[in-house]
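Residues in the sequence shown are numbered consecutively from 342, following the numbering used here.
Written out below as structure tokens is the structure these notes cover.
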Amino acid sequence: MESKNSKQESINHIFSNISGKYDLMNDLMTFGLQRTWKQIMINNIVPRKNFHLLDMACGTGDISFSFFERNKKILHNSKLTLCDINIDMLRMARRRKFDDNIFDWICANAENIPIETDLVDAYTISFGLRNVTNVDAALQEAYRVIKPGGKFLCLEFGKVDSELLGKLYSIYSKKFIPTLGKLVTGNRGAYEYLINSINEFPHQTTLFKKIKKCGFKKGNFINLFSGIVVLYYAWKI
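Structure follows, in structure tokens:
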């Protein structure tokens with residue numbers, strides 16, 4: 342059985358190899374829908390002055406930069422912290438950095454975040470929870486760093502709730518996505534890992550139970566595109 346450290350190293354290696362084509366592949370394999378899904382999550386964040394957003398598993402920074410562009414007129418004395426365990430992804434994000442001192446950068450594991458307890462107003466993780474080695478530990482750490490009244494938001498692949506669409510999606514994901522990944526990035530294995538990680542990830546009802554078990558209250562999950570993607574949200578009360 343692969344150890345926790347070796348699994349994380351393998352995942353890191355995958356993302357380092359595809360970091361330069363990461364955004365392009367995300368657009369191609371979702372036909373651009375990933376942008377819409379991320380905007381739906383951003384729409385569920387209510388900003389204000391002195392706001393602190395933690396963008397966990399930030400990748401190339403889509404969530405933070407879109408959130409900033411949409412709300413920059415009201416984000417006075419605010420901080421947007423972009424955190425990713427993969428340094429190459431962080432470097433790609435920093436190349437896109439706006440000329441503003443609102444951004445902060447951390448290279449760290451979602452299971453052990455070097456941030457004070459009860460600090461952030463909103464915690465987002467977009468298509469990243471599948472890639473942590475211990476989902477429960479990552480959720481507990483998210484709960485720790487969110488301040489009382491703060492919001493947890495997670496965008497992740499889910500289980501399709503339509504039998505017909507599920508069959509079509511299975512064929513598309515297993516046959517087309519790895520081949521496309523090979524053509525665009527030269528790395529078929531990275532996208533075989535992607536599909537395997539989606540298939541092995543818990544059903545949305547199971548994951549939401551894990552979220553509530555950590556202490557989060559209220560909230561729910563929303564199936565997008567018949568459950569291909571799911572938006573989870575909950576509060577720390």
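C-beta: ideal position from N, C-alpha, C; glycine also.
Just so you know, these numbers come straight off a predicted model, no measurement behind them.
Using the beta-carbon count (16 or more within 10 Å), is residue i buried or exposed?
i	result
Met342	Model confidence at Met342 stands at a pLDDT of 49, short of 50, so the residue's coordinates are unreliable; what they give is reported in the following sentence. Label assigned to Met342: exposed.
Pro489	exposed
Leu331	Nothing about residue 331 can be read from this structure; the chain reaches only from 342 to 578.
Gly580	Because the chain here runs from 342 to 578, residue 580 falls outside it and cannot be looked at.
Pro519	buried
His387	Just to set this straight, residue 387 is Val in the shown sequence, not His. So Val387 counts as exposed.
Ile415	exposed
Glu410	exposed
Ser347	exposed
Just verifying my parser: in three-state terms, what is the DSSP assignment at residue i?
i	result
Thr422	strand
Ala398	coil
Leu572	strand
Asp441	coil
Phe549	helix
Ile578	coil
Gly556	coil
State the CB to CB distance for the pair residue i and residue j, rounded to an integer number of angstroms; the pair is presumed to be in contact (CB under 8 Å).
i	j	result
Arg398	Ser467	The amino acid at residue 398 is misidentified as Arg; the sequence shows Ala. Confirmed, Cβ separation roughly 7 Å.
Lys420	Asp403	Not quite, the Cβ-Cβ distance comes to about 18 Å (not below 8 Å), so this is no contact.
Ser357	Asn427	6 Å
Ile381	Leu565	7 Å
Thr465	Asp396	5 Å
Leu572	Asp462	That belief does not hold up - the Cβ atoms of Leu572 and Asp462 are roughly 18 Å apart, past 8 Å.
Ile454	Cys424	7 Å
Return the bridge partner residues of residue i from the DSSP annotation.
i	result
Leu466	Just to set this straight, residue 466 is Ile in the shown sequence, not Leu. The partner list for Ile466 (beta bridge, DSSP) reads Met397 and Cys495.
Val461	Ile487
Trp446	Leu423
Phe562	Tyr573
(message) Any contact between the region 546 to 564 and the region 492 to 502? By contact I mean 3 or more CB pairs, one from each, below 8 Å.
(response) yes
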